[in-house]
Amino acid sequence: MEQLMEDMQALSARHWLPLSIAFVFLVIWVVLCFYIWLSAFSALVSHANKPCDEPLKYYLLIAFVYLCIPQQVVANVATPSMTDEKRAVLMQALFLPSFLILVLGLSMVWYSKTCSETNPELFYPARRMIYLQVFTMVAAPLLAVISLIVLLSATPWRTFLLNVSQFGGGPGCAGAVRNLPQVPVGAPELVSEGSEGEASIKACPICLEELSDPGKDIVRTPCGHHFHRSCLATWCTSRLTCPVCRDRIAEPDQEVPDQAGAPLVAPGAEP
């Protein structure tokens, strides 16, 4: 978590101008969305009784009512014990009706012949809201992909994914990693022979960098694999097993407060 925040701060420092522009556009987008939804709601309240060849007033009513349903369903159905897979299925099931409602609204706008003349106060706000929903449905995934590309371009992709993977994890043994045996740089056990008999320095399986930097401590797990201590500690923040063979590295850390009320540390770990 701390490393992820550091990566985000470094990204902000290097790309402050495009991020500032993106933030301004985001604010403008939020204000525009609020205006369009508010104007559509006002049109529904004030002009629903005027003639229109398509039942746009019922579309608006259904759209506004369904806007609150997914949050209520998730709040009442989803429980802390629900797995991520079941939660994803629930969200997909709730998304399908909203998609069908949007398709219904689009068909009403396209096939309307006279509503723009008999009831423009209802027709145009409804059309703007429908087009806004379509644009949002298309643009949101695209913006998410662009944001991910920017993050990965500013941070080594394996490091970024490793830091993100710490969210929502289980118990870890990062404290025990500090007590694993350290291996000096240049030790024979850090050298492996290739298929052609050529010797090469092993790489850390997490960051894929060679285990040759004197500034990075190297440790050996009980299963015999070698890692940078910092890489393995990050991995073990929410895991107990070796990332190579899945053997258990150590028992879960048991955080115990010291008598002076200092921050919690794992027993046996260096303060």
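For what it's worth, our numbering labels the leading residue of the sequence shown as 156, then goes sequentially. Yeah, the Cβ is synthetic: ideal placement off N, Cα and C, and Gly gets one too.
For R375, the enclosing beta strand (DSSP E) has its first and last residue at I373 to R375. Restricting attention to P360, T273, P173 and V186, the CA atom closest to the CA of C397 is found in P360.
CA-to-CA, the gap between E209 and G327 works out to about 59 Å.
Three or more Cβ pairs closer than 8 Å define a contact, and the stretch 180-200 falls short of that threshold against the stretch 243-263. Taking C-alpha positions only, P336 is separated from V185 by approximately 53 Å. Less than 7 Å separates the beta-carbon of D402 from that of C378.
Between P280 and S201, the C-beta gap is not smaller than 7 Å, which leaves the two residues out of contact. Contact between L277 and A218 fails: their C-beta atoms lie close to 13 Å from each other, not under 8 Å. Per the DSSP secondary-structure output, R403 pairs in a beta bridge with T396. Straight across, the Cα-Cα distance linking I373 with L174 is about 37 Å. A direct Cα-Cα distance of roughly 37 Å separates C400 from A248.
Using a 10 angstroms sphere on the CB of Q409, the tally of other CB atoms stays under 16, which defines it as exposed. By the neighbour-count criterion, in which a residue is buried when 16 or more other Cβ atoms sit within 10 angstroms of its Cβ, T269 is exposed. For E348, the enclosing beta strand (DSSP E) stretches over residues V346 to E348. Judged by DSSP in its simplified three-state form, A294 adopts helix. For the pair T392 and A329, the CB atoms are nearer than the 7 Å cut-off.
Taking all protein chains shown into account, F382 has 16 or more neighbouring C-beta atoms within 10 Å of its C-beta and is therefore buried.
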